[in-house]
Structures are given as C-alpha cells and as structure tokens.
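A short worksheet on the structure shown next.
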Ligand code: SF4
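Residue numbers (this note's numbering): 18 to 388.
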C-alpha cells in the first residue's frame with residue numbers, strides 16, 4: 018500500500034561559500050557548486066524513496082529550499098532543481114515556495130530566474146547590519162548588500178521577503194541591536210526570524226571561547242534583546258506569532274507552520290529530517306556520503322525513531338506553547354497555566370493558554386512544567 022505523499026517538502030542544499038564562525042551545520046564548502054551532481058542525487062533520492070509520479074496525487078502546498086545556502090545553486094541551478102521536482106511532484110497553484118539566500122548571491126537576474134522557476138518567498142540571511150559583527154561572524158556579505166538584495170528581489174517580482182537576524186552577540190562587539198532592528202524594519206520585510214547566538218563545540222566560535230578570546234553574552238543580554246525585538250517589531254506592525262518569528266498580516270510562514278502543527282513532511286538532501294506522522298528519520302549529513310549512497314542506489318538514511326507516547330505528549334505541549342495559537346490544556350494542566358498567567362508569562366482564554374514574550378523567554382522551563 019502506498020501512503021499519501023505529504024503536502025510539505027523540505028530540500029536541503031548544503032553548499033556554502035565559507036563556514037560562518039558560529040555555524041555547526043553539516044555544510045559543503047564549495048567555490049564551484051556541483052549543481053548537476055546535486056540535482057541528480059536529489060532526484061535519485063526522491064525516485065528511490067517515493068517511486069511514482071504526480072499522477073499518484075502528490076501535490077505540495079509548501080516547498081522549502083533550505084541549507085546551507087540554496088542561493089549558491091544560482092539561477093540555472095534552482096531552475097533545474099525545480100524542473101526535476103515538477104517532473105515528479107505536483108505543486109499547488111497557490112503553493113508557498115521559499116528559497117533561503119545569502120545577500121551576496123542575490124541579483125535581479127538571479128531573483129528573476131528563481132521567480133520564473135516558481136519561487137515566491139525569499140528568506141534572506143542578513144544576521145546583522147553591523148560591518149564589524151558581519152566580519153566577526155565570517156559572513157560573506159556587507160551591510161549594503163542586504164538592502165541591495167531586498168531591492169533586487171522586489172524588482173524581480175518576489176514580494177514576500179523574510180529577514181533573519183542573530184541577537185545576543187558578545188558585548189565586546191558593541192553591536193547596536195536596536196539599530197539593526199530599525200534597519201531591518203526600514204526594508205519593509207513581510208517576515209522576520211530571530212535567533213539567539215549559541216556557541217557550539219567544533220566551530221570557530223567554540224574554539225575562540227575555549228581559548229578565552231570570546232566571552233558569551235550573559236542570559237540577561239539574551240532576555241533584554243529578545244524583549245526589545247518584541248517591542249520594536251510589534252510596534253512596527255509585525256505579529257509575534259511564534260517564539261522566533263514575526264510576520265506582517267497574511268505573511269506567516271506556511272511551511273514552518275507545518276512543523277509546528279505536527280503534520281507529516283518529507284525531507285530530502287544531506288542531513289534532512291522528515292516526519293511521517295509517527296516516525297522521524299534523518300539522512301546522513303556529509304554531502305560526499307549522501308551522494309555516494311545514492312550513486313549505488315541506497316537510501317541515505319542515518320537514523321529513525323518512532324515517537325513514543327511520552328515523546329508525543331511532550332511534543333504536543335512544546336509545539337502548542339511555541340506559537341501564538343497556544344495550547345489547549347487538559348484539566349490537569351490548568352493550575353500551572355493559571356500560575357503562569359499571574360506571573361505575566363501567559364494569557365488564558367477558556368482552556369487555551371498562550372505564552373507572552375516573557376513566557377517565551379522561559380519556553381523550555383514552562384514546557385517542562387507540564388510534561
Ligand atoms: S551560510 Fe548558513 S549554513 Fe552556511 S555556514 Fe553560514 S550559517 Fe552555516
């Protein structure tokens with residue numbers, strides 16, 4: 018029996034021009050991106066794991082090209098990737114198709130080609146507008162290139178632009194977070210995603226820290242900057258609809274919402290994760306290993322786990338609390354939620370609890386409170 022193909026597809030594109038100082042993703046640093054090899058391996062994975070065709074009623078509502086840096090595939094690379102996917106999958110006429118891009122990969126010509134291939138949403142890895150912070154992060158773009166990229170994307174006819182920013186940088190960088198937020202708002206994005214800097218082992222940043230060259234920002238900086246972002250962005254008309262995500266009306270990420278609502282999605286590419294409604298699986302991460310397995314016709318799976326009932330219960334709480342839709346409480350959970358509301362961490366409406374920004378600062382602890 019064949020299972021229906023999920024309506025959400027994540028495609029991992031691992032290529033990057035260089036490694037950012039904080040990044041612990043499994044990436045493939047390439048000056049020349051092996052577009053043809055990658056697209057062939059990706060379609061082999063799709064054909065191997067999901068034999069069939071669009072006539073099998075496989076239609077996507079969302080497609081997310083993430084990475085790594087998908088924009089490194091260039092104009093032609095995205096076109097050939099999309100062509101290969103369309104030969105195997107239906108894509109709904111109103112599907113959300115997102116590409117993650119670094120500012121220095123964006124030109125009007127490239128963005129037009131992406132739009133012509135069907136892309137209608139672009140997530141721009143800006144991270145900061147501070148030249149010193151950008152250099153420290155080993156980003157390959159300048160602050161001016163961020164604005165240029167947004168202009169180019171709009172000129173190409175893609176209106177739905179999301180901007181990623183990183184906060185809670187070390188104090189020694191003297192990064193002005195309020196200034197960065199204002200610069201982001203001035204570009205009128207439809208969506209903003211924020212990430213607190215995390216220091217991972219085996220990254221340049223981890224080594225700097227271990228040598229004593231870098232001191233991480235204290236928890237208070239994280240809290241202050243998280244709350245400042247909430248204040249600035251909501252005042253500018255953004256809806257803080259998920260712990261890390263802000264959207265203009267109608268511009269919430271439909272793809273990410275599928276992760277938070279617990280529906281199945283497919284993940285293709287090295288290190289891609291997938292959820293079929295009951296089971297998670299993830300692929301081998303190194304690009305060379307992923308292509309090697311596919312070349313000999315093997316599923317590039319690295320691991321899988323079937324969610325236990327405890328996992329599912331914890332997931333229900335965590336996913337419910339992380340979005341502004343909130344969590345429908347069981348009677349046993351209601352007294353804890355009342356305490357949160359008294360502390361200003363949540364609001365209660367009937368049996369639904371929604372965390373405030375102060376509550377989201379404590380998301381892990383509050384979720385643990387219920388589980
Ligand atoms: S561009 Fe993104 S994926 Fe690539 S190294 Fe930098 S943070 Fe990591």
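Even for Gly, the Cβ is constructed at its ideal location relative to N, Cα and C.
With a threshold of 6 Å, the Cβ atom of residue 32 does not count as near the ligand SF4, since no heavy atom of the ligand is closer than that. Exposure of residue 217 is indicated by the presence of fewer than 16 other C-beta atoms within 10 angstroms of its C-beta.
By DSSP's assignment, residue 242 forms no beta bridge with any residue. Under the DSSP assignment, residue 78 falls in the beta strand (DSSP E) whose first and last residues are 76 to 84. The distance from the Cβ of residue 234 to that of residue 186 is about 6 Å, consistent with a contact at the 8 Å cut-off.
In this structure, the C-beta of residue 220 stays at least 6 Å away from each heavy atom of the ligand SF4.
Inter-segment contact for the stretch 322 to 339 and the stretch 81 to 98 is absent: fewer than three beta-carbon pairs are separated by less than 8 Å. The DSSP-derived three-state label of residue 155 is coil.
Excluding five sequence positions before and after residue 296, the CB atoms of its chain that fall closer than 8 Å to its own CB belong to 321, 322, 323 and 324, given in chain order.
For residue 97, the secondary structure class from DSSP, reduced to helix, strand or coil, is helix. The three-state reading of DSSP puts residue 55 in helix, counting H, G and I together. Per the DSSP secondary-structure output, residue 144 pairs in a beta bridge with 182. Per DSSP, reduced to three states, the secondary structure at residue 248 is helical. Following the DSSP letters along the chain, one finds residue 335 inside the alpha helix (DSSP H) bounded by residues 326 to 339. In this model, residue 148 and residue 160 are separated by some 6 Å (Cα to Cα). Taking the Cβ of residue 44 as the reference point, at least one heavy atom of the ligand SF4 falls within a distance shorter than 6 Å. A distance below 8 Å between beta-carbons, with the five flanking residues on each side excluded, links residue 35 to the following residues of its chain, in chain order: 46, 155 and 157. Across the set 138, 122, 372 and 168, the C-alpha of 138 shows the shortest separation from the C-alpha of residue 264.
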